[in-house]
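Residue numbers (our numbering): 50 to 463.
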């Protein structure tokens, strides 16, 4: 039975929420994890960065990941608007350790694995349970939550800590008006799944491939999953993709015809299921924690889907937030400073990936050209694609990248 009080309530059963709940529960604190949908449930965002290895190792899940028969991902590749393929960025060429291999996952199976692991480590886990409200006292300190269980019963649960992992719903951030949308990255994704899409042979067969369309107004992801199925999605500015155009399914096919690198890969493939649509607005919260609460995953912020950073960031934030809560109980300090002390160092690392996203959306930028101009940066670019963002060595990379972009802009203007 769900209890009337817990030390910690975690809202949202995605990677960030499950990881945070597992960390707190494993330390011996009573923990409630709730998810509004029924597991297993569909979610997009199938590609992991290799640095996901470390949070998964912390949770004791590496062997289960290997046994799950997810598609192994060993590289990332870029394809220009002319259909020219860059040399793949193979992770093991940069680092031979096992942690350089990662996975392309079916999120229904992956998230269920995380949810079950949180329960194994001591959390009370309930799906089909919806958050109604977060309760604050007169000093704006967390005192509990109100939820509706799978039978439709509303319950008030007391707790001194809430970890908000509600994804792009961003419950606390929206409630407190903390969300700030980046007007330059208002994107929409239109995607579906295909059987028998053409993959490369060998180690690049599980690669995430990022393919530009001819106008560079949109790009496609190509994410090979297990069982011969590939996730294919198109991303572009919301106005370009939706304003004054046909239905999303027709837009998807129109953009596909403008993508010379992708058309041959889908020539004999069969689409499975419906075309799906999601608005992918980039946003950040101006406050990431308060007295008794902290945000993780997309509830804290979302950059862009292009480099598949979302799941890794959520896992890493889940670990850091969970550790901060455990330490806070030890110190009898559940203040905003304690629960959110990890957020600024984390976001300092995230800035480097944000810069790489900005470069990608600069039409004059070409990763292939940049690598020819500055081959000494190949290792650092590979580091960023792996997810190694927590050091300062990228500073010179982006100075040279800015120089490359400015040079390309000047040439385009001549």
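The beta carbon of each residue, even a glycine, is placed where N, CA and C say it ideally should be.
Here the structure is a predicted model, which means the values were calculated and not measured.
Query, Result
"Any beta strand (DSSP E) of 3 or more consecutive residues that is wholly inside the segment 228-292", "228-244, 257-261, 267-273, 278-286"
"Which residues DSSP lists as bridging residue 120, in chain order", "153"
"DSSP-derived helix/strand/coil call for residue 420", "helix"
"Contact under 8 Å by Cβ, residue 392 with residue 227", "no"
"Rounded separation between residue 447 and residue 433 - CA only", "12 Å"
"Cβ shell of residue 197 (< 6 Å), same chain only, five flanking positions each side left out", "179, 181, 203"
"Beta-carbon spacing of residue 191, residue 341 below 8 Å", "yes"
"Beta-ladder partner(s) of residue 80, from DSSP", "57"
"C-beta atoms of residue 153 and residue 272 nearer than 8 Å", "yes"
"Cα-Cα separation, residue 294 to residue 430", "36 Å"
"Close Cβ partners of residue 143 (< 6 Å) along its chain, the five nearest in sequence each way excluded", "428, 431"
"Test item: CB-CB of residue 73 and residue 375 under 8 Å", "yes"
"Burial state of residue 189 (16 or more Cβ within 10 Å)", "exposed"
"Local Cβ density within 10 Å of residue 264, reported as buried at 16 or more and exposed below that", "exposed"
"Residue from 56, 195, 438, 164 whose Cα sits closest to the Cα of residue 220", "195"
"Buried/exposed call for residue 95, threshold 16 Cβ in 10 Å", "buried"
"Element boundaries [alpha helix (DSSP H), containing residue 432]", "427-435"
"Of the listed residues 210, 259, 62, nearest to residue 417 (C-alpha basis)", "259"
"Distance between residue 82 and residue 61 (C-alpha atoms, nearest Å)", "7 Å"
"The segment 352-361 in contact with the segment 402-409 per 3-pair CB rule at 8 Å", "yes"
"Span of the beta strand (DSSP E) around residue 449", "Premise fails: residue 449 lies in the alpha helix (DSSP H), 443-462, not in any beta strand (DSSP E)."
"Reduced DSSP category for residue 357 - H, G, I as helix; E, B as strand; rest coil", "coil"
"Residue 322, enclosing beta strand (DSSP E) - first and last residue", "319-334"
"Helix, strand or coil at residue 410 [DSSP, three-state]", "coil"
"Cβ-Cβ separation, residue 286 to residue 328 (assumed contact under 8 Å), whole Å", "Going by Cβ atoms, the distance from residue 328 to residue 286 rounds to 11 Å, so no, they are not a contact pair."
"Outcome for residue 122 when other beta-carbon atoms lying within 10 angstroms are tallied against a minimum of 16", "buried"
"Reduced DSSP category for residue 200 - H, G, I as helix; E, B as strand; rest coil", "coil"
"Enclosing beta strand (DSSP E) for residue 108 [first to last residue]", "Counting along the chain, residue 108 falls outside any beta strand (DSSP E), and DSSP gives it neither H nor E."
"Three-state secondary structure (DSSP) of residue 365", "helix"
"C-alpha distance - residue 157 paired with residue 103, whole-angstrom precision", "21 Å"
"C-beta contact flag for residue 125 and residue 256 at 8 Å", "yes"
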